[in-house]
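S.K.:
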Amino acid sequence: MARVTSRRALTEHEYLILASMLTEPLHGYGIIQQVRALSDGVISLSPGTLYKALDRMLDDGWIQISSEEIVSGRLRRNYRLTATGKAVFAAEAQRRSTMEKAVRRIARRPALGESL
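Position 4 (the sequence shown) corresponds to 4 in the UniProt record's numbering; numbering is contiguous.
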């Protein structure tokens with residue numbers, strides 16, 4: 001698997017788009033549906049937001065087009081994660097887990113002036 005080092009944190013959209021493709025290739029509308037499900041309906045991507053992110057991810061080598069077909073006269077592309085995309089996702093998942101653990105530790109501490 002590709003190694004990913006010192007890069008910026010992913011946006012919520014990027015993180016969920018990559019997560020949506022962890023188990024299978026998806027087309028654009030499938031990604032939108034999966035992101036909505038993964039976020040319990042909190043995040044609903046517009047097509048413009050999705051395709052801008054997909055173009056960036058294609059350019060960065062995180063995803064690739066796995067297939068293309070014509071459906072109802074329109075081109076449908078299915079996208080899948082590359083090894084680099086999986087590594088980027090795994091690094092971000094680890095970063096988020098580390099941050100969550102740190103916040104939980106801090107939240108358990110008594111505030112200044114409070115007794116233990």
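Using N, Cα and C, we set each Cβ at its ideal position, and we do this for glycine too.
Beta carbon of V35: closer than 7 Å to some heavy atom of the ligand PLP?
M.R.: Because no ligand of any kind appears in the structure shown, any question about the ligand PLP cannot be addressed here.
S.K.: Which whole-angstrom value describes the C-beta separation of V35 and I17, a residue pair presumed to lie in contact below a C-beta threshold of 8 Å?
M.R.: Taking the sequence shown and counting its residues from 1, one reaches residue 35 at position 35. Taking the sequence shown and counting its residues from 1, one reaches residue 17 at position 17. Rounded, the Cβ-Cβ distance is 6 Å, consistent with contact.
S.K.: If we count the other Cβ atoms within 10 Å of its Cβ and call it buried at 16 or more, is A53 buried or exposed?
M.R.: For the purposes of this step, residue 53 is taken as the residue at position 53 of the sequence shown. Buried, by the Cβ-count rule.
S.K.: Taking contact to mean at least 3 C-beta pairs separated by less than 8 Å, is the segment 88 to 103 in contact with the segment 25 to 35?
M.R.: Output reads no: the segment 25 to 35 does not touch the segment 88 to 103.
S.K.: In whole angstroms, what separates the C-alpha of I65 from that of A111?
M.R.: Along the sequence shown, read from residue 1 onward, the residue named residue 65 stands at position 65. Along the sequence shown, read from residue 1 onward, the residue named residue 111 stands at position 111. Using only the alpha carbons, I get a separation of about 51 Å.
S.K.: By DSSP, does L54 sit in helix, in strand, or in coil?
M.R.: The sequence position of residue 54 within the sequence shown is 54, counting from 1. Helix, per DSSP.
S.K.: Check E100 in the structure and name its three-state DSSP category.
M.R.: Reading the sequence shown from its first residue, position 100 is the one you call residue 100. Correct three-state label for E100: helix.
S.K.: Just curious, the alpha helix (DSSP H) that L75 is in, first and last residue?
M.R.: In the sequence shown, residue 75 corresponds to position 75, counting from 1. First-last for L75: R74 to L81, but that is the beta strand (DSSP E), not the alpha helix (DSSP H).
S.K.: Quick one: is G85 near chain E, going by C-beta distance under 8 Å?
M.R.: Annotation note: the requested chain E is absent from the structure, which comprises a single protein chain.
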